[in-house]
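To keep things clear, I will list the structure first and then write my remarks on it.
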Amino acid sequence: GIQVEQSPPDLILQEGANSTLRCNFSDSVNNLQWFHQNPWGQLINLFYIPSGTKQNGRLSATTVATERYSLLYISSSQTTDSGVYFCAAYNQAGTALIFGKGTTLSVSS
Amino acid sequence: ETGVTQSPTHLIKTRGQQVTLRCSSQSGHNTVSWYQQALGQGPQFIFQYYREEENGRGNFPPRFSGLQFPNYSSELNVNALELDDSALYLCASSPSPHNEQFFGPGTRLTVL
Chain A
1 GIQVEQSPPD LILQEGANST LRCNFSDSVN NLQWFHQNPW GQLINLFYIP SGTKQNGRLS
61 ATTVATERYS LLYISSSQTT DSGVYFCAAY NQAGTALIFG KGTTLSVSS
Chain B
110 ETGVTQSPTH LIKTRGQQVT LRCSSQSGHN TVSWYQQALG QGPQFIFQYY REEENGRGNF
170 PPRFSGLQFP NYSSELNVNA LELDDSALYL CASSPSPHNE QFFGPGTRLT VL
């Protein structure tokens, strides 16, 4: 089945810095989502981005489906950006989201 | 518009017991998926329900079972609980099986 790999596993930033999180997937995908998991465990939808580029405030994402990767950009990071970021892609049947292991982001003031 | 809700928020059981977790899907969504997230890991797919039928299943034993009701809410049942079943259980709903999924706040299950 599809494999999803995220890098880096951990990222430590000072407030105001920019960062790029990467997600590689092993097969072509019809759906790719980025999530932020808050300290209470809730997965917050950031982007639904099978291909192309989207922006939402300080966050943007780009998926290059032909090269099997997606990038999440965080600009001018804030302490509230801290948490775990997951990317997930649908399996071949289109039923299950396959998650990467996540990137843990820590932003200090 | 009400988002995905789950109950209970926390649950403590002992090994061998049975548990039922509940999920209400977002308005207009007919598909519910369940995931298990162990500490420090990404969520793992358990199964998906679409219009009251199981529509896909991950690598979980038969003691994990589910239901979807006519209003598209769903239950996850786990029999013969084991210590390794301790995890955060997440429910997600979507407008259709191949669409964007939206997650509830989760139920944290502890098995002693």
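Sequence order for the protein chains is A and B. Residues 1 to 109, numbered by the numbering used here, are exactly what the first sequence covers, in order. Residues 110 to 221, numbered by the numbering used here, are exactly what the second sequence covers, in order. Every residue gets a Cβ at the ideal spot worked out from N, C-alpha and C, and that includes glycine. Just so we're clear, the structure is a prediction, and the values are computed from it rather than from any experiment.
Specify the secondary structure class of residue i as computed by DSSP and reduced to three states.
{"i": "Thr140 (chain B)", "result": "strand"}
{"i": "Thr79 (chain A)", "result": "helix"}
{"i": "Leu192 (chain B)", "result": "helix"}
{"i": "Ala61 (chain A)", "result": "strand"}
{"i": "Thr103 (chain A)", "result": "strand"}
{"i": "Glu161 (chain B)", "result": "coil"}
{"i": "Thr95 (chain A)", "result": "coil"}
{"i": "Thr123 (chain B)", "result": "coil"}
{"i": "Thr53 (chain A)", "result": "strand"}
Rank the options by C-alpha distance to the C-alpha of residue i and give the top, closest one.
{"i": "Ala93 (chain A)", "options": "A:Lys54, A:Val29, A:Trp34", "result": "A:Val29"}
{"i": "Tyr144 (chain B)", "options": "A:Thr62, A:Gln55, A:Ile44, A:Leu97", "result": "A:Leu97"}
{"i": "Gln115 (chain B)", "options": "B:His207, B:Ala201, B:Asn208, B:Thr219", "result": "B:Ala201"}
{"i": "Pro39 (chain A)", "options": "A:Gly102, A:Asn91, A:Val84, A:Ala88", "result": "A:Val84"}
{"i": "Asp193 (chain B)", "options": "B:Asn164, B:Leu221, B:Gln157", "result": "B:Leu221"}
{"i": "Cys23 (chain A)", "options": "A:Ser108, A:Asp81, A:Ser75, A:Gly102", "result": "A:Gly102"}
{"i": "Glu191 (chain B)", "options": "B:Gln126, B:His119, B:Gln157", "result": "B:Gln126"}
{"i": "Gln177 (chain B)", "options": "B:Pro171, B:Pro152, B:Ser134", "result": "B:Ser134"}
{"i": "Asn186 (chain B)", "options": "B:Gly149, B:Ser205, B:Phe173", "result": "B:Phe173"}
{"i": "Asn18 (chain A)", "options": "A:Leu105, A:Ser77, A:Ser70, A:Cys87", "result": "A:Ser77"}
{"i": "Ile49 (chain A)", "options": "B:Gly137, B:Glu209, B:Thr219, B:Leu197", "result": "B:Glu209"}
{"i": "Cys87 (chain A)", "options": "A:Gly16, A:Asn45, A:Gly41", "result": "A:Asn45"}
{"i": "Gly57 (chain A)", "options": "A:Thr104, A:Thr95, A:Phe47", "result": "A:Phe47"}
{"i": "Pro8 (chain A)", "options": "A:Ala89, A:Leu21, A:Gly16, A:Gly1", "result": "A:Leu21"}
Taking the beta strand (DSSP E) that residue i falls in, what are its first and last residues?
{"i": "Arg22 (chain A)", "result": "19-25"}
{"i": "Leu218 (chain B)", "result": "216-220"}
{"i": "Arg131 (chain B)", "result": "128-133"}
{"i": "His207 (chain B)", "result": "Segment: none, His207 (chain B) is in no beta strand (DSSP E) and carries neither H nor E."}
{"i": "Tyr181 (chain B)", "result": "Note, Tyr181 (chain B): premise wrong, no beta strand (DSSP E); not H, not E."}
{"i": "Val113 (chain B)", "result": "First-last for Val113 (chain B): undefined, no H or E at that position."}
{"i": "Gln6 (chain A)", "result": "4-7"}
{"i": "Phe35 (chain A)", "result": "32-37"}
{"i": "Gly41 (chain A)", "result": "That residue, Gly41 (chain A), is in no beta strand (DSSP E); it is neither H nor E in DSSP."}
{"i": "Gly213 (chain B)", "result": "It is not in any beta strand (DSSP E) - Gly213 (chain B) carries neither H nor E in the DSSP assignment."}
{"i": "Phe173 (chain B)", "result": "173-177"}
{"i": "Gln14 (chain A)", "result": "10-14"}
Flag residue i as yes if its beta-carbon sits less than 8 Å from any beta-carbon of chain B, otherwise no.
{"i": "Gly83 (chain A)", "result": "no"}
{"i": "Gln14 (chain A)", "result": "no"}
{"i": "Gln78 (chain A)", "result": "no"}
{"i": "Thr103 (chain A)", "result": "no"}
{"i": "Trp40 (chain A)", "result": "yes"}
{"i": "Asn24 (chain A)", "result": "no"}
{"i": "Thr63 (chain A)", "result": "no"}
{"i": "Gln3 (chain A)", "result": "no"}
{"i": "Asn31 (chain A)", "result": "yes"}
Are the C-beta of residue i and some C-beta of chain A separated by less than 8 Å?
{"i": "Gln115 (chain B)", "result": "no"}
{"i": "Pro214 (chain B)", "result": "yes"}
Indicate, with yes or no, if the ligand ADP has a heavy atom lying under 7 Å from the CB of residue i.
{"i": "Gln135 (chain B)", "result": "Absence of the ligand ADP from the depicted structure is noted, as is the absence of any ligand whatsoever, leaving it without description."}
Residues, ordered as in the chain, of the stretch 44-57 of chain A that lie near chain B by beta-carbon distance below 9 Å: Residues Ile44, Asn45, Tyr48.
For the stretch 136-167 of chain B, which residues have a beta carbon sitting closer than 8 Å to at least one beta carbon of chain A? Hits within the stretch, in order: Ser142, Tyr144, Gln146, Gln150, Gly151, Pro152, Gln153, Phe154, Gln157, Asn164, Gly165, Gly167.
Using a Cβ-Cβ cut-off of less than 9 Å, list which residues of the stretch 188-212 of chain B approach chain A; keep chain order. The stretch 188-212 of chain B vs chain A, Cβ under 9 Å: Leu197, Leu199, Ala201, Pro206, His207, Asn208, Glu209, Gln210, Phe211, Phe212.
Residues of the stretch 86-101 of chain A with a CB closer than 9 Å to any CB of chain B: list them in chain order, please. Per Cβ criterion, the list reads Phe86, Ala88, Tyr90, Asn91, Ala93, Gly94, Thr95, Ala96, Leu97, Ile98, Phe99, Gly100, Lys101.
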